[in-house]
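Colleague: Take this structure, written in C-alpha cells, and hold onto it; I'll ask about it next.
2 protein chains.
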Amino acid sequence: MKTPFIDDLKWSADAVMGRRPGSILLKNGLITNIFTLQRELGNILIAGELIAGVGVEFCDSDAETVIDLQGATVTPGLIDGHLHIESSLVTPAEYEAAVLRRGVTGIVADPHEVANVAGIAAIEWMMEASQDLQMDVWFAVPSSVPATPMETSGAILSVEDIDRLLNHPRVVAIGELMNVPGFVNGDLQELQKSMLTHNKPHTAEGHAPGLIGRALQAYLGSGVSSDHESTTLEEGLQKLKAGCFLMIREGSATRNLEALMPLLDPKHGDRIGLVTDDRLPHDLLLEGGVDFVVRKAIALGADPVYAIRCASWNTARHFRLQRRGAIAPGYFADLVICDLLEGFTATAVIKDGRFVSKSLTTSTAADVPESIRHTVRLPNLDLSSLQIVARSGSIRVIEAIPNQILTREQIVTPKIRDGLVVADSDRDLAKLICVERHGHHGKVAKGFASGFGLREGALACSVAHDHHNCLAVGMNDEDILFALNRLQQLGGGLVVVNQGRVEAELALPIFGLLSDRPLNEVRLALESIDNTAKSLGCTLPSQIMALSFLGLEVIPELRLTDLGLVDVVHGKFVELWVE
Amino acid sequence: MKTPFIDDLKWSADAVMGRRPGSILLKNGLITNIFTLQRELGNILIAGELIAGVGVEFCDSDAETVIDLQGATVTPGLIDGHLHIESSLVTPAEYEAAVLRRGVTGIVADPHEVANVAGIAAIEWMMEASQDLQMDVWFAVPSSVPATPMETSGAILSVEDIDRLLNHPRVVAIGELMNVPGFVNGDLQELQKSMLTHNKPHTAEGHAPGLIGRALQAYLGSGVSSDHESTTLEEGLQKLKAGCFLMIREGSATRNLEALMPLLDPKHGDRIGLVTDDRLPHDLLLEGGVDFVVRKAIALGADPVYAIRCASWNTARHFRLQRRGAIAPGYFADLVICDLLEGFTATAVIKDGRFVSKSLTTSTAADVPESIRHTVRLPNLDLSSLQIVARSGSIRVIEAIPNQILTREQIVTPKIRDGLVVADSDRDLAKLICVERHGHHGKVAKGFASGFGLREGALACSVAHDHHNCLAVGMNDEDILFALNRLQQLGGGLVVVNQGRVEAELALPIFGLLSDRPLNEVRLALESIDNTAKSLGCTLPSQIMALSFLGLEVIPELRLTDLGLVDVVHGKFVELWVE
Chain A
1 MKTPFIDDLK
11 WSADAVMGRR
21 PGSILLKNGL
31 ITNIFTLQRE
41 LGNILIAGEL
51 IAGVGVEFCD
61 SDAETVIDLQ
71 GATVTPGLID
81 GHLHIESSLV
91 TPAEYEAAVL
101 RRGVTGIVAD
111 PHEVANVAGI
121 AAIEWMMEAS
131 QDLQMDVWFA
141 VPSSVPATPM
151 ETSGAILSVE
161 DIDRLLNHPR
171 VVAIGELMNV
181 PGFVNGDLQE
191 LQKSMLTHNK
201 PHTAEGHAPG
211 LIGRALQAYL
221 GSGVSSDHES
231 TTLEEGLQKL
241 KAGCFLMIRE
251 GSATRNLEAL
261 MPLLDPKHGD
271 RIGLVTDDRL
281 PHDLLLEGGV
291 DFVVRKAIAL
301 GADPVYAIRC
311 ASWNTARHFR
321 LQRRGAIAPG
331 YFADLVICDL
341 LEGFTATAVI
351 KDGRFVSKSL
361 TTSTAADVPE
371 SIRHTVRLPN
381 LDLSSLQIVA
391 RSGSIRVIEA
401 IPNQILTREQ
411 IVTPKIRDGL
421 VVADSDRDLA
431 KLICVERHGH
441 HGKVAKGFAS
451 GFGLREGALA
461 CSVAHDHHNC
471 LAVGMNDEDI
481 LFALNRLQQL
491 GGGLVVVNQG
501 RVEAELALPI
511 FGLLSDRPLN
521 EVRLALESID
531 NTAKSLGCTL
541 PSQIMALSFL
551 GLEVIPELRL
561 TDLGLVDVVH
571 GKFVELWVE
Chain B
580 MKTPFIDDLK
590 WSADAVMGRR
600 PGSILLKNGL
610 ITNIFTLQRE
620 LGNILIAGEL
630 IAGVGVEFCD
640 SDAETVIDLQ
650 GATVTPGLID
660 GHLHIESSLV
670 TPAEYEAAVL
680 RRGVTGIVAD
690 PHEVANVAGI
700 AAIEWMMEAS
710 QDLQMDVWFA
720 VPSSVPATPM
730 ETSGAILSVE
740 DIDRLLNHPR
750 VVAIGELMNV
760 PGFVNGDLQE
770 LQKSMLTHNK
780 PHTAEGHAPG
790 LIGRALQAYL
800 GSGVSSDHES
810 TTLEEGLQKL
820 KAGCFLMIRE
830 GSATRNLEAL
840 MPLLDPKHGD
850 RIGLVTDDRL
860 PHDLLLEGGV
870 DFVVRKAIAL
880 GADPVYAIRC
890 ASWNTARHFR
900 LQRRGAIAPG
910 YFADLVICDL
920 LEGFTATAVI
930 KDGRFVSKSL
940 TTSTAADVPE
950 SIRHTVRLPN
960 LDLSSLQIVA
970 RSGSIRVIEA
980 IPNQILTREQ
990 IVTPKIRDGL
1000 VVADSDRDLA
1010 KLICVERHGH
1020 HGKVAKGFAS
1030 GFGLREGALA
1040 CSVAHDHHNC
1050 LAVGMNDEDI
1060 LFALNRLQQL
1070 GGGLVVVNQG
1080 RVEAELALPI
1090 FGLLSDRPLN
1100 EVRLALESID
1110 NTAKSLGCTL
1120 PSQIMALSFL
1130 GLEVIPELRL
1140 TDLGLVDVVH
1150 GKFVELWVE
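Each protein sequence line maps, in turn, to chains A and B. Residue numbering for the first sequence follows our numbering, beginning at 1 and increasing consecutively. Residue numbering for the second sequence follows our numbering, beginning at 580 and increasing consecutively.
Below, the structure is given as C-alpha cells:
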C-alpha cells in the first residue's frame, strides 16, 4: 500500500495552519461527506498528494493554485472492489485509460484468468504492468488455480504460492475462494487457504453463486468475508445477515443491481459494496466501469451519497485501504468533480493531488516481453484429430442459451456421413472442440453444441474460462482446423474462419487473453467479429464470448474441457454417446 | 489476535451440514443482527469456540446440548474500545470479574498509567496479567510517555519501543496520541509515531479534547483515526465529518453520552463507538462497564440494535478484531443473553463457546512479583523539605473545582507564621506538595490548593496523572510528611492522616497505582477514605481523585508537577510568588 510522503504530511499541517500555502484550493464545491451522508458547500485544501483540510475556513491565500468549482459536486474517487482486467481484453494501462477519467481512481483486480495460463509469472506481469499507473491497482491473489481437477490449466498455485504472494505491497486479499464444496465438506486445504488471512491485513474473498441456507453458513464459517455473486434479493439478504461484505455486481454478462437494490440502504452502513466483476470493451467504453454502477444505482433511486460510499469508503474499509475512499484530512487527494451528483458524470478527476489528463494517451502497442507472447502451444493437429467415428445411439449436445452463462444438455440423434459424426446446420448442430494449449499433453476433446445458428465456417478462441484451452465451434473440420492453427500463429485470440480464410480476428498475444492494442481498436475488432459471425448465419448474441464460456465446468449443465464432457450437476465426466 | 482452532473450523462445517453434532444449540432466541439492525427469532449452533450457524433451520439433533431461550434476546458480546484498567484501581483479573458477567467480552486497554511508572516492564506485566483471562484483552501501546517534558515520569517510551511493542499479538493500536501541538506544528517525531501504523493492521488512536477547526484537521491529517474526547455535539460532528471513528465516552469523571446522542444514528454506520475510558470502582460495581453505556444509550432513545453495534461490531471493525463483534458463522461464540434488549441486563454470558460462571471467583491477593511492589522511591524527607519561606507579594493557588478536571488559578495573599507560608483553614488554603517518586532526583515542588475545605490533617496519593509522582494536600507539614512516608511504606496508595495517625488508607502496591485486593474491598476502602476526609472538613467530592488530577499539566489552568507550578494555558513553569 502506498505510503504518504512524510514531506507531504508536514506540508499538510503547515498548509492547514497557514504556515505555507498548499498546492491547490478547490473552492465552492458541494462536498460529499460519506461519513455523515451529507453534502455541504465548502473548500478542499490539497498539499502535494494529500487532502490537507476540508471546510469553509480555507481561503485563496491558503494555496498556490485556486480553482472555483462554482457549486459543482466533489466526491471521493471511486474504488471498484472486484474485477478482472482480463474481461476488458486489454492491458492494465488501457483499462486505466478507460476508467480513470470517469472517476475510478482505484481497483482491486483479481488476475485469475492470466494466472490460469501462466501462474505466478502472469500475476507478476500484471503487477509490473500496473505499477506505474496513476490509478491504484490493488490485487487479490487468485485462490483457485486450477478451478477444478476436471480441466488442464497452464499452472497450479499452491497454498504456499498464495501465502508468498500475499507479501506483495499491493496485494490486499485472497481472491474468489470458489471451491464451495470443499469448504462445505470442511476440507483442510480450503480451510488452510482462508486461514492465511487470519492475523494479516488481508481479506478472504468469496465466490458462491446461489449459495444459501446451511451450505452458505458452512462456507462463510471458514472465514470468507465477501461475496459478489448474489442474483436474488433473498440470496443477497441471507449473505448480508450471515456477515458477508455484500458486493452488488453490475457487469457485462451478469447484472444484479436491480434485483439487489433494496439492500442498498444506508442502514446497512459499511456492509455493501458496488463492483463490476467483468466489463467487456464495448460496455467499458460506452457505459464505464464502477462509475456506471453508481450512476445506475442513483437512477434506480439509491441515496446518491450512500451509492458513492458503497463504491469508495465501504470498499476501502473492507480491504483496509488506508487513507482512501473519503474526502477528509490526511486522505490521498483522489477526487471526482461532476456537475451534479445525481448524474455522476465526471468533468474532472484528481488523483493523488494532481488533475488527470482528459485524454490519457495510450501506447499503440504495449511493451510485452516475447516470453509471454507464446503461450498458445497446441499439439500438431490434422483432420483426423478432430474426427468423431460414428456408432449407434444418441449424443449429448451442449445448448448455448442467449445472454446466459448457463447451458443445457440436449440428447439428439447425430448426423452421420462416411462413418463420421458431422455438423448439421438444419438442426443447428455444430461441432465443438477443446484442445489443451499449455503444451502439457495436447489432448483434444470433441463434442457438439447447439444454439449458435452457424450455417458455415468456424469460430475459435484462446479465451476459455477458467483453464483457457482453445475452443472452436464450426460446421466443418477443415475450417475448425484452420481456425485453431490461426490461434497458434496469433499467440492467441479470437478468430472467424470460412472456407479456409480468416474473415475476422482479434489477436490476444498476452497470455492468449489480452490484446496489446488500444481498447477502441479491440472494441471495433469485436464488432467486426460479431458482424462476420452473423454473416455466417450465427444467431447467438456475443457468440465468441458465449463460446469462451462453453468450457467453464463449474456452472451447469454440460461443458467441454480439454479432458472431455463434464456433467456439472453431478460433477463428473460423461461420454458423448448415450447408450 | 486469537486464531481459531482448525479443528473447530472443521467441526463447524460438520455441525452445520449435520455430519457431527455441535456443542451447544441455543434455540428460540431473539437474535440481534448487527449487519441489518434487525432482531429475528432463531437458533444459534455453536461448535467448540465458534458460532457454526445461525437460523431457524438448526434443530435439537444438531448439538450435544440444547438450551431453550424461550424468546430471550441474544446479542454479541460487548467490546469496550478504549479504557484504562488503572482507573478501576484493580488488576485485569478483577476488572474481568466485574464486567465479563455483565456481557463485556472484550476490551482495548491502554496501560498509559502503569507505563508512566515503569515503562515496558509495566506494559509487559499488564500483558501477562491478562493473558489467561477469559475476556479478550487487547492493547493500545501508550504513545506519550511522558506526556510532556514538564514532569518527571518513571520511564520514557521511544518511537522504537512503541514500534517493537506493536508486534505483540494482542496489540491492536498506538494509544492516545495526545501531543496535539506537536501534530499541529508538524513535528516529525509525532508524524513518525502515527506513521508506524501505516501498512500495519494497527490503528493510531487519538486524544484531542475540545479540538475543532483548522487545528483538528492538522491533527487528523497525520493519520490519527479516532477520538474519544468530544464533549459537545458540534465538536463530535466536526470530528465525525473529518473522518474520526468517533468514540462516545461515558466514564466516571467524564460523561459525554447525553451531549452526543444525536450522533448515535444508524446512518453513521460503522463510524460510532461507545467506550468508558475510565470507570471508578464504585461505578464499575454498581453501574458496570461499557454495558452501562449501552443501557443508558437505549434509555436515552437510541435504536437498541445500533447501540449494540456501536459497542461490538463497530469497535471490532475499527481495530480489525477478526471474527469478533457479531453473531454470524465463523465468529467466536461471544454471546450475551438478556431478557429484553431494551434493558440490556445480562442473564448469561457465553465466551468463546462456554458459559461464563456467574460469580467469577477472584484471588484474595493477586500474585504480584516483589519487583513491582516497590516503585514508590521517595527521597529522604523532613519538615524542612516542605517549608516555604515567606517573602513579600501574593501567591498563585490552584483552585480545585467540584466534579471537574479543570482547575483555576487564584492569586491570594498568603498566611505567614514564623517566617513561613502556612495553610489557612479560614480561607480554605491548603498546602500542596508534589514529590518525585521514581527514584530519579527526588525533587519536591511546593504550592497551595483551595477548594478542598480541609480543616485539619492531610491527604496523599501516589496516583497523579500522568507522571504519578506523590501528591499531598494538608493543613500542616507534620501530617503531610507522615502521609508521604506512609505512601512509601505501602508501596503506594491513598491515605488520609490526622495528628500523626493514619485515619483511612488504601494500599496500591502495584506500580503505586493498583490494588492487589478484590474490587469490592477497594470500593469499601474508597468509601472509608471519603468519609474520613469529610470528617476532616473536606467538602470537595471525590477529594482523593481530585487530588490525583492536580498534577496533570496538560489540562488548564494551573498544576503542580514535581518540577514546579505549570501555567497550562501558556505552557510554561511559573513561580509561586507573583511580583
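Just so you know, even glycine gets a beta-carbon here, dropped at the ideal spot from N, CA and C. All values derive from a computational prediction rather than experimental measurement.
(1) Check the Cβ of T3 of chain A against every Cβ in chain B and list those closer than 8 angstroms, keeping chain order.
(2) Kindly list the residues whose CB is nearer than 6 angstroms to the CB of I603 of chain B, restricted to its own chain and excluding five residues on each side of it in sequence; keep chain order.
(3) Could you check if V635 of chain B is buried or exposed, using at least 16 other CB atoms within 10 Å of its CB as the buried criterion?
(4) Are the Cβ atoms of I107 of chain A and L89 of chain A separated by less than 8 angstroms?
(5) Return the first residue and the last residue of the alpha helix (DSSP H) that D479 of chain A is part of.
(6) Kindly say whether L657 of chain B, judged by its beta-carbon, lies nearer than 8 angstroms to any beta-carbon of chain A.
(7) Please say whether V376 of chain A and C470 of chain A have beta carbons closer to each other than 8 angstroms?
(8) Could you pull out every residue in the same chain whose Cβ sits closer than 8 angstroms to the Cβ of V104 of chain A, ignoring the five residues on either side in sequence?
(9) Check distances from the C-beta atoms of the stretch 147–172 of chain A to those of chain B and list, in chain order, the residues that come in under 9 angstroms.
(10) Would K589 of chain B count as contacting chain A if we go by Cβ distances under 8 angstroms?
(11) Considering only the alpha carbon of each residue, which of B:V1023, B:G1079, B:G880, B:P948 lies closest to L839 of chain B?
(12) Please list, in chain order, the chain A residues whose beta carbon lies closer than 9 angstroms to that of G802 of chain B.
(13) Does the stretch 115–123 of chain A come close enough to the stretch 344–352 of chain A to have 3 or more Cβ pairs within less than 8 angstroms?
(14) Report, in whole angstroms, the separation of the C-beta atoms of L836 of chain B and A876 of chain B, which I expect to be a contact under 8 angstroms.
(15) Quick one: is V578 of chain A buried, meaning 16 or more other Cβ sit within 10 Å of its Cβ, or exposed?
(16) Taking the alpha carbon of A445 of chain A as the reference point, which residue from A:I433, A:S528, A:Q489, A:G419 has its own alpha carbon closest?
(17) Residues of chain B with CB closer than 8 angstroms to the CB of G343 of chain A, please, in chain order.
(18) Is there a C-beta anywhere in chain B that falls below 8 angstroms from the one on G210 of chain A?
(19) Sorted by chain position, which residues of the same chain lie with C-beta nearer than 8 angstroms to L1159 of chain B's C-beta, five sequence neighbours on each side aside?
(20) Skipping 5 residues on each side, what residues in its chain have a beta carbon closer than 6 angstroms to that of D1141 of chain B?
(21) When you compare the CB of N612 of chain B with every CB in chain A, is at least one pair closer than 8 angstroms?
(22) Pop quiz: L133 of chain A and E160 of chain A are said to be a contact at Cβ under 8 angstroms. What is the actual Cβ separation, rounded to whole angstroms?
(23) Within 8 angstroms of any Cβ in chain B, is that where the Cβ of V16 of chain A sits?
(24) Can you confirm whether the stretch 326–344 of chain A touches the stretch 35–53 of chain A when touching is taken to mean that 3 or more C-beta pairs between the two stretches lie within less than 8 angstroms?
(25) Which residues in the same chain as L648 of chain B place their Cβ atom closer than 7 angstroms to its Cβ, once the five residues preceding and following it in sequence are excluded?
(26) Return no unless some Cβ of chain A is closer than 8 angstroms to the Cβ of H786 of chain B.
(27) Rounded to a whole number of angstroms, what is the C-alpha to C-alpha distance between A886 of chain B and Y219 of chain A?
(28) Could you compute how far the alpha carbon of F332 of chain A sits from the alpha carbon of H198 of chain A?
(29) Can you name the residues of chain B whose CB is closer than 7 angstroms to the CB of T347 of chain A?
(30) Measuring straight from C-alpha to C-alpha, what distance separates P671 of chain B and E1100 of chain B?
(31) Can you tell me the Cα-Cα spacing of T986 of chain B and L843 of chain B, whole angstroms?
(32) Anything in the stretch 257–272 of chain A with a Cβ closer than 8 angstroms to a Cβ of chain B? List those residues in chain order, please.
(33) Please list, in chain order, all residues of the same chain as A316 of chain A whose beta carbon is under 7 angstroms from its beta carbon, the five residues on each side excluded.
(34) Using 8 angstroms as the Cβ pair cut-off and three pairs as the minimum, do the stretch 970–988 of chain B and the stretch 1119–1133 of chain B touch?
(35) How big is the Cα-Cα spacing for P728 of chain B and A592 of chain B?
(36) By DSSP, does S602 of chain B sit in helix, in strand, or in coil?
Modeller: According to the structure data:
(1) Here residue 3 of chain A refers to the residue found at position 3 when the first sequence is read from its first residue. What T3 of chain A touches in chain B: M774, H777, N778.
(2) For the purposes of this step, residue 603 of chain B is taken as residue 24 along the second sequence, with counting starting at 1. Same-chain partners within the cutoff: I625, A642, T644.
(3) What you label residue 635 of chain B is simply residue 56 of the second sequence in a count that begins at 1. Exposed is the call here.
(4) For this step, residue 107 of chain A is matched to residue 107 along the first sequence. For this step, residue 89 of chain A is matched to residue 89 along the first sequence. Their beta carbons are not under 8 angstroms apart, which means I107 of chain A does not touch L89 of chain A by this criterion.
(5) For the purposes of this step, residue 479 of chain A is identified with residue 479 of the first sequence, where counting begins at 1. It spans 477–490 - the alpha helix (DSSP H) in which D479 of chain A sits, taken as one unbroken run.
(6) Here residue 657 of chain B refers to the residue found at position 78 of the second sequence. Not an interface residue.
(7) The count along the first sequence starts at 1 and reaches residue 470 of chain A at position 470. The count along the first sequence starts at 1 and reaches residue 376 of chain A at position 376. Cβ distance < 8 angstroms, so C470 of chain A and V376 of chain A count as in contact.
(8) As a working mapping, residue 104 of chain A is identified with position 104 in the first sequence. Excluding residues within five positions, the ones whose Cβ falls inside 8 angstroms are G77, L78, I79, D80, M135, G288, G289, V290, D291.
(9) P169
(10) As a working mapping, residue 589 of chain B is identified with position 10 in the second sequence. It does; some Cβ of chain A falls within 8 angstroms.
(11) On the second sequence, position 260 is the one that residue 839 of chain B refers to. Minimum Cα distance to L839 of chain B is reached at B:G880.
(12) Reading the second sequence from its first residue, position 223 is the one you call residue 802 of chain B. The contacting residues are P4, L9, Q322, R323, G330.
(13) no
(14) As a first step, residue 836 of chain B is located in the second sequence; it is residue number 257 there, counting from the start. As a first step, residue 876 of chain B is located in the second sequence; it is residue number 297 there, counting from the start. At roughly 6 angstroms, the Cβ-Cβ gap stays under 8 angstroms, so L836 of chain B and A876 of chain B are in contact.
(15) As a first step, residue 578 of chain A must be located in the first sequence, where it is residue number 578. When all chains shown are included, V578 of chain A counts as exposed.
(16) Locating residue 445 of chain A in the first sequence gives position 445, where the first residue counts as 1. Checked all of A:I433, A:S528, A:Q489, A:G419; the closest Cα to A445 of chain A is A:I433.
(17) Walking along the first sequence from the start, residue 343 of chain A turns up at place 343. In chain order: nothing, as chain B lies at least about 23 angstroms away.
(18) To locate residue 210 of chain A, count along the first sequence from 1; it is residue 210. Chain B contact via Cβ: absent.
(19) The question about residue 1159 of chain B has no answer, for chain B in this structure spans 580 to 1158.
(20) Along the second sequence, one-based indexing puts residue 1141 of chain B at 562. Contacts found: T731, C1013, E1015, K1022, A1024, N1048.
(21) Along the second sequence, one-based indexing puts residue 612 of chain B at 33. It does: the Cβ of N612 of chain B has a partner Cβ on chain A nearer than 8 angstroms.
(22) Locating residue 133 of chain A in the first sequence gives position 133, counting from the first residue. Locating residue 160 of chain A in the first sequence gives position 160, counting from the first residue. With 8 angstroms as the limit, L133 of chain A and E160 of chain A do not qualify as a contact, their Cβ atoms being about 29 angstroms apart.
(23) The count along the first sequence starts at 1 and reaches residue 16 of chain A at position 16. Cβ-Cβ to chain B under 8 angstroms: yes for V16 of chain A.
(24) yes
(25) Here the question's residue 648 of chain B lines up with position 69 in the second sequence. Closer than 7 angstroms at Cβ, skipping near neighbours: L605, K606, N607, G608, I916.
(26) Position 207 of the second sequence holds residue 786 of chain B. Not an interface residue.
(27) Here residue 886 of chain B refers to the residue found at position 307 of the second sequence. Here residue 219 of chain A refers to the residue found at position 219 of the first sequence. Cα to Cα, the separation comes out at about 29 angstroms.
(28) Against the first sequence, residue 332 of chain A aligns to sequence position 332. Against the first sequence, residue 198 of chain A aligns to sequence position 198. Roughly 27 angstroms between the two C-alpha positions.
(29) As a first step, residue 347 of chain A must be located in the first sequence, where it is residue number 347. Those do not exist, as T347 of chain A stays about 25 angstroms from chain B at its closest Cβ, beyond 7 angstroms.
(30) In the second sequence, residue 671 of chain B corresponds to position 92, counting from 1. In the second sequence, residue 1100 of chain B corresponds to position 521, counting from 1. Their backbone Cα atoms lie some 15 angstroms apart in a straight line.
(31) In the second sequence, the residue the question calls residue 986 of chain B occupies position 407. In the second sequence, the residue the question calls residue 843 of chain B occupies position 264. Going from the Cα of T986 of chain B to the Cα of L843 of chain B covers about 31 angstroms.
(32) P266, K267, H268, G269, D270, R271
(33) Indexing the first sequence from 1 puts residue 316 of chain A at position 316. Correct list, in chain order: I79, R324, G325.
(34) yes
(35) Working through the second sequence from its first residue, we reach residue 728 of chain B at position 149. Working through the second sequence from its first residue, we reach residue 592 of chain B at position 13. When rounded, the distance between both Cα atoms is 56 angstroms.
(36) Translated into positions along the second sequence, residue 602 of chain B becomes position 23. Strand at S602 of chain B.
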